[in-house]
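Protein chains: 2
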Amino acid sequence: MSNTCAAGLPFQTIGIVGCGLIGCSIAAALKSRGFKGRLIGCGRPGANLETAVNRRFVDAAETDWAKAASASDLIVVCTPVDQIVRDVRTLAGAARAGTLITDAGSVKRAICEPLSTGLPQGVVFVGSHPIAGSEKQGCAHASSELFEKRICVVTPKSAARSAVERLIGFWQALGATVVEMLPEDHDAALAQTSHVPHVVAAALAACLGASNRHLTAGGFQDTTRIASGDPELWAAILLGNASAVVDGVRDFSESLSAVAQAIEKGDKRALIELLRCAKENREAAIDARPGRVTDREGSESGEMIE
Amino acid sequence: MSNTCAAGLPFQTIGIVGCGLIGCSIAAALKSRGFKGRLIGCGRPGANLETAVNRRFVDAAETDWAKAASASDLIVVCTPVDQIVRDVRTLAGAARAGTLITDAGSVKRAICEPLSTGLPQGVVFVGSHPIAGSEKQGCAHASSELFEKRICVVTPKSAARSAVERLIGFWQALGATVVEMLPEDHDAALAQTSHVPHVVAAALAACLGASNRHLTAGGFQDTTRIASGDPELWAAILLGNASAVVDGVRDFSESLSAVAQAIEKGDKRALIELLRCAKENREAAIDARPGRVTDREGSESGEMIE
C-alpha cells in the first residue's frame, strides 16, 4: 500500500543500524510511503547489507558506524536486544547534537534504564518496540507493510516531549498505532502476550516424540509456530525480561494445572467452563488488535486442525 | 480437486451419521471424487442436515436412524466422541448383516474397547480417526478436500481383514494416507500431538490479562488458535483420553520447567540449546507430515509475530 505518510517526516537522513528483517522493513516502509530524505543502512558487511542496497531499501550501505551516526538525524537501532545498549552508546558517541536515537527491541527496561544516563549532551534516546515481526529472519523477508495496523510501544520516560512527538510521528508514518508505556509496564505486558507464549511453544515442540511426528496436524503446527524463531535472538529477549517471563510462566502453569485437574477428576462441567473462558478471552484479544479484520472464530489462514 | 478415486468403492449406500464439519466433508469428498452410490445424511433435524441436502452433499436426509442404518452397507458415525459408543450400538441394532460401521472420533480406546463386544452378528465396527478438522464447526464449513494428504488412523484390533481393507480403501479414496494402530497407541500419540497442545493453548489464552489484549500479535494468535475450538466437543475429547492427556501435560510441564530454569539462572548457553532443539523438533514434525509442501521455517500463512 503506497502512500505519502512519510513524506513530511522532519528528518533529512535516517540511519538504520542492523539490516535484518526489522531494519529493512523500516527502510522499505519509509521508501514506499514517500520519505524524501536519505536512508543509510548500517551494519556488518554481508548478505543483509548487500540485499538492502540491491533491493534499494536504503540509499547507501555503511559499515563505519561513526560515519553513519554523524550523518543521521534519526538513528533506528535494530540489532539483537542484548547488543542494543552497547550499540546506542557507540552511535551516540559519534552523533551530532540534536540527533534522536531509538531502537526496535522486544524488551525495554534492560535497554532504557542503562541508557537513561551517560549519553552525550544533546543526543536523545527514546525506546521503541514495534510489535510486528516474523519467525523468518533477514532482509530477504522484509516487508514495507510490516508495521501497518500494528502497535508500536514507545517508552519515553523523561525524554523531552518534542523528541517523543517526532518519534511517534515516525512510527505513525509507517502505519503503526503508537502506545506510550513505562519500560517496566511494557515488559510485564509483553511477557504475557509474547515471551511466555514463546517459551510455551518451545516447550511443546521439544517434548514431541520422534515416532509421533507424522501424527501432527495444523493444531500442533500453529501452536508451536513461534518455536521456529531464531534461538539466539529469542534467548536474548527471554533473558532480557527474565523476571517477568519467569513470573508469567508461573501464572501460566497455574492456569494449566486448573485444566489438567478438571481432566484428571473427570469434571466435565468445570472443564467446559475453563475451555469456554479461554475461547472467549482469546477472541476478545483478537478483537482488540488495532485495525484487525479477521474471523473471530479462527485464524486468518483457515489452517486445519485435528 | 475432482477425480474418480471413490468411483470404485464397494459400497452401494453410505450413511453419514452426524452432519457437522467432518460428516459433511466426508460426503462432499465422496461426491467430488465420483462415488456412484447413494449417500444418506442422518442426524437431528436442523441447520446442518438442511445444509447437507441443500448443498447436495447427501442424496437424502434421514432423521430416523434405524431407517438410515438398515439402508446402508457402510455407516460413518461422526457424532461427538462421548456419544459414539451409544450411537454405534443404536445403529448396529438396525443394520443388516454385512454392514461395516466406523467412526471419526479423536479418541479410540474409549470407543473401540466397549464396541469390541455386544454388536449383532455380522455387523462389524472398526474405529477410524481422520486427523483433519478445523476450529470452525458445522456443515457450512465442510470441504471436499479436508482429508487430502492427511493421515487417517484406523484401529482394527481383531476385525476381519476384509472389512479392514474395505475401510482403508474408503479413507484412501478421500485422499488420506491410512495408518493402522492399536487404540491405546493412537491415544498416547494423539495426546502428544493434539490433545496436550489443546490444553496448553487454552491455558495460555485463559491467563491473558484484559488490559494486555491490544498488545498481542500473530504469535499469541497462532499459539492459542485451537483454543477457539468448541468447548463441549473438546471437553469430551480430553475426558475420553484423560490418563494419556494428564501424562502428556506432566511431560510438557517438565519441558517447560527446563526452559524456565535456564531463564531464571541466566544460563544463555543452555537456553539457546533448548530453543534450538525445540525448533529442530518442530521442523522435523512438519517435514514428516504426508504430502506437506510448506516452508520449513514457518507456517503456511506467513502470519507475523512479535
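Order-wise, the sequence lines are chains A and B. Position 64 of the first sequence, counting from 1, maps to 64 under this note's numbering, and the rest follow consecutively. Position 212 of the second sequence, counting from 1, maps to 212 under this note's numbering, and the rest follow consecutively. Think of the CB as a built atom: it goes at the ideal place given N, C-alpha and C, for glycine as much as any other residue. Just so you know, these numbers come straight off a predicted model, no measurement behind them.
| Asked | Found |
| --- | --- |
| CA-to-CA distance, Val126/B to Ala159/B, given in whole angstroms | 7 Å |
| Same chain, Cβ closer than 6 Å to Leu146/A, neighbours up to 5 away in sequence not counted | Ser25 and Ala132 |
| Backbone CA spacing between Ile226/B and Ala140/A [nearest angstrom] | 31 Å |
| Cutoff 8 Å: Gln83/A Cβ touching any chain B Cβ | no |
| Within-8 Å CB hit, Ala160/B to chain A | no |
| According to DSSP, residues forming a beta bridge with Leu275/A | Paired residue(s): none; Leu275/A is not in a bridge. |
| Where Ala104/B sits in the DSSP three-state scheme | coil |
| In DSSP terms, what Val178/A is bridged to | Cys152/A |
| Length of the line joining the Cα atoms of Ala95/B and Ile75/B | 9 Å |
| Start-end ranges of the beta strand (DSSP E) lying completely within the segment 62-110 of chain B, minimum 3 residues | 74-77 and 100-103 |
| Sequence-distant residues of the same chain with beta carbon closer than 7 Å to Gln261/B, five excluded per side | none |
| 8 Å Cβ cutoff met for Asp64/B and Ile40/B | no |
| Residue from Ser253/A, Val107/A, Leu271/A and Ile237/A with nearest C-alpha to Glu184/A | Val107/A |
| Sufficient close CB pairs (3 or more, under 8 Å) joining the segment 37-56 of chain A to the segment 11-21 of chain A | yes |
| Cβ-based contacts, 7 Å cut-off: residues of the segment 225-250 of chain A near chain B | Arg225, Ile226, Ala227, Ser228, Pro231, Glu232, Trp234, Ala235, Leu238, Leu239, Ala242, Val245, Val246 and Val249 |
| Contact with chain B by Val107/A, beta-carbon distance below 8 Å | no |
| Limits of the unbroken alpha helix (DSSP H) element including Gly219/A | Gly218 to Thr223 |
| Of the residues Ala270/A, Ala205/A and Ala92/A, the one placed nearest Ile286/B, counting alpha carbons only | Ala205/A |
| Residues of the segment 268-284 of chain B with Cβ closer than 7 Å to any Cβ of chain A, in chain order | Lys268, Leu271, Ile272, Leu274, Leu275, Arg276, Cys277, Ala278, Lys279, Asn281, Arg282, Glu283 and Ala284 |
| Rounded straight-line distance, which links the Cα of His195/B to that of Trp234/B | 9 Å |
| CB contact check: Thr216/A to chain B, cutoff 8 Å | yes |
| Listed by chain order, chain B residues near Ile263/A by CB distance under 7 Å | Leu238, Leu239, Ala242, Val245 and Val246 |
| Identity of the residues DSSP links to His129/B by a beta bridge | Val153/B |
| Local conformation of Arg33/B per DSSP, three classes | coil |
| Separation of Ser243/B from Ala189/B, as counted between CA atoms | 12 Å |
| Residue environment, Gly122/A, which counts as buried when at least 16 other CB atoms sit within 10 Å | exposed |
| For Ala282/B, the three-state DSSP class (helix, strand or coil) | Looking at the sequence shown, residue 282/B is not Ala but Arg. Looking at Arg282/B - three-state DSSP - the assignment turns out to be helix. |
| Three-state secondary structure (DSSP) of Leu39/B | strand |
| Local conformation of Ala142/B per DSSP, three classes | coil |
| Ile226/A: first and last residue of the uninterrupted alpha helix (DSSP H) it sits in | Run containing Ile226/A: none; DSSP gives neither H nor E here. |
| Exposure label - Arg296/A; buried when at least 16 CB within 10 Å | At Arg296/A, the pLDDT of 40 sits below 50, so the modelled position is not reliable; the number obtained from the coordinates is stated separately. It is exposed - the Cβ of Arg296/A has fewer than 16 other Cβ atoms within 10 Å. |
| Proximity below 8 Å, CB of Pro114/B to CB of Gly93/B | no |
| CB contact flag (Ala310/B, Val245/B, <8 Å) | The structure shown does not extend to residue 310/B, since chain B is modelled only from 1 to 306, so the question has no answer here. |
| Reduced DSSP category for Thr13/B - H, G, I as helix; E, B as strand; rest coil | strand |
| Whole-Å CB distance - Phe11/B paired with Lys31/B, under 8 Å assumed | In fact, because the Cβ distance is near 14 Å, the residues do not count as touching under 8 Å. |
| Cβ neighbours of Ala6/B in the same chain (closer than 6 Å, five flanking residues each side left out) | Leu30, Arg33, Gly34, Phe35 and Ala173 |
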